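Numbered by our numbering, the letters in the sequence shown go through residues 31 to 369 in order.
Read the structure below first, then the notes.
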Amino acid sequence: MNPYLKLLESINPHNHKQTGLKVLDLFAGCGGLGLGFEAAGFETIGIEMDQDASDSYNKNLLGKCINQKLSIDSDFPHCDVVIGGPPCQPFSVGGKQLGLKDSRDGFPIFIKAVKVLKPKVWLFENVRGMAYRNKDYLNEILEELRGLKYEISIKIVNSKRLNVPQNRERLMVVGHRGKFQFPQISAKRITAGEALGELAFQVLPDSKFLTPSMDKYIAKYEKASCCKRPRDLHLDKQARTLTCRNLAGATGDMHRIKLPDGRRRRLSIREAARLQSCPDWFEFYGSETSSYNQIGNAVSPLLAFYLAKSVRNYLESSYRLSARELKKYTLPQQLSLPL
Numbered sequence: 031m032n033p034y035l036k037l038l039e040s041i042n043p044h045n046h047k048q049t050g051l052k053v054l055d056l057f058a059g060c061g062g063l064g065l066g067f068e069a070a071g072f073e074t075i076g077i078e079m080d081q082d083a084s085d086s087y088n089k090n091l092l093g094k095c096i097n098q099k100l101s102i103d104s105d106f107p108h109c110d111v112v113i114g115g116p117p118c119q120p121f122s123v124g125g126k127q128l129g130l131k132d133s134r135d136g137f138p139i140f141i142k143a144v145k146v147l148k149p150k151v152w153l154f155e156n157v158r159g160m161a162y163r164n165k166d167y168l169n170e171i172l173e174e175l176r177g178l179k180y181e182i183s184i185k186i187v188n189s190k191r192l193n194v195p196q197n198r199e200r201l202m203v204v205g206h207r208g209k210f211q212f213p214q215i216s217a218k219r220i221t222a223g224e225a226l227g228e229l230a231f232q233v234l235p236d237s238k239f240l241t242p243s244m245d246k247y248i249a250k251y252e253k254a255s256c257c258k259r260p261r262d263l264h265l266d267k268q269a270r271t272l273t274c275r276n277l278a279g280a281t282g283d284m285h286r287i288k289l290p291d292g293r294r295r296r297l298s299i300r301e302a303a304r305l306q307s308c309p310d311w312f313e314f315y316g317s318e319t320s321s322y323n324q325i326g327n328a329v330s331p332l333l334a335f336y337l338a339k340s341v342r343n344y345l346e347s348s349y350r351l352s353a354r355e356l357k358k359y360t361l362p363q364q365l366s367l368p369l
């Protein structure tokens with residue numbers, strides 16, 4: 031058996047005893063983050079507005095995903111842990127620089143859930159750039175959450191350091207009562223070739239090949255961007271970050287594999303899922319474009335599994351601060367970003 035596929039079996043929730051601890055998975059997507067938490071023994075309930083992603087969650091996870099658009103007035107079920115990837119519109123290209131007052135922003139909803147539920151731990155993930163270009167806005171969010179009496183740990187986590195065959199950096203922020211530890215990085219680096227195995231050289235009836243005009247466009251794109259090495263999928267390295275754009279769209283930086291005969295074809299849904307660390311039994315509902323978008327938006331389940339184990343270790347630890355100690359604890363007021 032492919033060793034990578036065997037590793038992915040470690041995130042099959044059917045192979046793990048559940049602890050009874052409950053996780054509320056906000057903006058749940060297709061369930062990448064939730065799957066990792068289920069594999070660590072947590073029960074999940076997701077909330078997701080996209081019908082296809084919600085259906086994928088319900089198909090593959092043990093927990094239920096409610097197909098619903100979240101708002102500041104939403105009701106939140108009881109839980110021990112709150113997790114999620116809130117959409118962050120205020121500082122996107124189309125944002126209006128309104129911060130927490132932007133109606134499209136998911137962070138007021140996440141903060142409200144933490145305020146109402148008072149979970150033992152909360153965790154959210156977002157793009158790496160939020161800690162740099164949008165640092166002031168991130169501090170605004172953290173100030174609100176610190177006011178709810180949580181210590182906050184922040185880290186940029188690269189999935190390739192935790193056995194995911196993809197160079198994918200994400201901002202991870204965890205709220206706790208003290209002594210939380212992020213997972214230790216792995217010495218092993220799994221390559222795209224190790225992950226894909228025989229899939230990398232298969233040609234199926236529905237395989238999509240680049241046309242001569244696409245090849246010319248890509249050549250111009252790589253020349254303009256001073257690309258020193260063609261951006262094909264290099265099987266001896268980790269994949270570039272998978273995004274909705276470079277999976278679903280015929281763009282200059284689209285993901286593609288160069289076959290021994292010189293032809294280049296786009297990644298299949300299953301190949302993209304493997305590079306995102308979704309097990310082969312994970313099925314996606316919806317169109318091809320919808321499936322690619324679900325994969326591109328997902329948290330790598332294997333990364334989520336290691337984070338969830340750290341959360342479980344924290345909850346089971348005897349080193350957490352007591353309520354009396356917590357009142358004495360001085361929370362940091364500025365963003366500190368360990369890398």
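No residue lacks a Cβ here, since even glycine has one placed at the ideal position from N, Cα and C.
Just so it is clear, the structure is predicted and the values come from calculations on it, not from any experiment.
- For Thr74, the uninterrupted beta strand (DSSP E) segment begins and ends at Glu73 to Glu78.
- Taking C-beta separations shorter than 7 Å and ignoring five residues to either side along the sequence, the partners of Gly227 in its chain run Asn32, following chain order.
- If you look at Ser84, you'll find it isn't in any beta strand (DSSP E); it sits in the alpha helix (DSSP H) that goes Gln81 to Asn90.
- Across the set Pro195, Ala58 and Ser84, the C-alpha of Pro195 shows the shortest separation from the C-alpha of Glu301.
- Annotated three-state conformation of Cys95 is strand, per DSSP.
- From the listed residues Ala70, Asn42 and Gly205, the smallest Cα separation to Ala143 is found for Gly205.
- The beta carbon of Met79 is closer than 6 Å to those of Lys99 in its chain, skipping five residues each way along the sequence.
- Shortest Cα-Cα distance from Leu229 to any of Ser189, Asn188 and Arg286 involves Arg286.
- Non-local beta-carbon contacts of Arg275 in its own chain, meaning distances under 7 Å to residues more than five positions away in sequence, involve Thr281 in chain order.
- In the structure shown, the three-state DSSP call for Met202 is strand.
- Residue environment: Asn45 is assigned as exposed (fewer than 16 neighbouring CB atoms within 10 Å of its CB, all protein chains considered).
- Counting every other CB atom within 10 Å of its CB across the protein chains shown gives Glu346 a total below 16, marking it as exposed.
- Per the DSSP secondary-structure output, Val111 pairs in a beta bridge with Val53 and Val151.
- Within the DSSP bridge table, the entry for Lys185 names Met202 as partners.
- For Leu333, the CB contacts under 6 Å within the same chain, skipping 5 residues up- and downstream, are Ser189, Leu192 and Val194 in chain order.
- Annotation: Ile102 to Ile141 spans about 9 Å, alpha carbon to alpha carbon.
- Residue environment for Ala249: exposed (fewer than 16 other C-beta atoms within 10 angstroms of its C-beta).
- One alpha carbon belongs to Tyr247, the other to Met284, and they sit about 11 Å apart.
- Per DSSP, reduced to three states, the secondary structure at Val144 is helical.
- Check the Cα spacing between Arg219 and each of Arg176, Pro242, Lys267 and Val233: the tightest is with Lys267.
- Non-local C-beta neighbours of Ser84 in its own chain, meaning closer than 7 Å and more than five positions away in sequence, comprise Glu78, Cys95 and Asn97, ordered along the chain.
- One alpha carbon belongs to Lys253, the other to Phe137, and they sit about 39 Å apart.
- In its chain, beyond the 5 residues on either side, no residue has a beta carbon closer than 7 Å to the beta carbon of Asn343.
- For Lys288, the pairing in a beta bridge is given by DSSP as Arg294.
- By DSSP's assignment, Gln48 forms no beta bridge with any residue.
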